[in-house]
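See below for the structure under consideration.
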Amino acid sequence: MQIARVIGTVVSTVKNDALEGRKLLIVETLDADLKPKGKPTIALDAVGAGVGELVFWCRGKEASFPFKRDSTPTDCTIIGIIDSDDHVFQKSKGSKRQ
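Sequential numbering from 17 applies to the sequence shown in this note's numbering.
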């Protein structure tokens, strides 16, 4: 599980039947200081995340676990929205712990 920021959406007019009605988002993986690392990737949204939100995401076989269909073709899935975490939000707002 990794932390990322949602930076955009993907529109696809033709896709696998198992992806119908599912939202695809562009995520940017973040390091411990919440700085972007690596290239952005496309993730299947399992939780209703939106652009600008900090999220947890996973990749590999586990990425298909949130979906009932075993045949959901995904290698990257957003599995949680970060609502609050002292470390994360202090880093993202630039404040220091007192």
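The beta-carbon is built from N, C-alpha and C at its ideal position, and this holds for glycine as well.
- Val-43 is positioned such that its CB atom lies closer than 8 Å to that of Pro-56.
- Counting of Cβ neighbours within 10 angstroms places Asp-47 among the exposed residues, the total staying below 16.
- Here DSSP, grouped into helix, strand and coil, assigns Leu-41 to strand.
- In the three-state scheme derived from DSSP, where H, G and I count as helix and E and B as strand, Ala-59 is classed as strand.
- Check the Cα spacing between Gly-76 and each of Gly-64, Thr-93, Val-63: the tightest is with Thr-93.
- A distance below 8 Å separates the beta carbons of Gly-96 and Val-63.
- The alpha-carbon of Arg-38 is positioned some 21 Å away from that of Ile-19.
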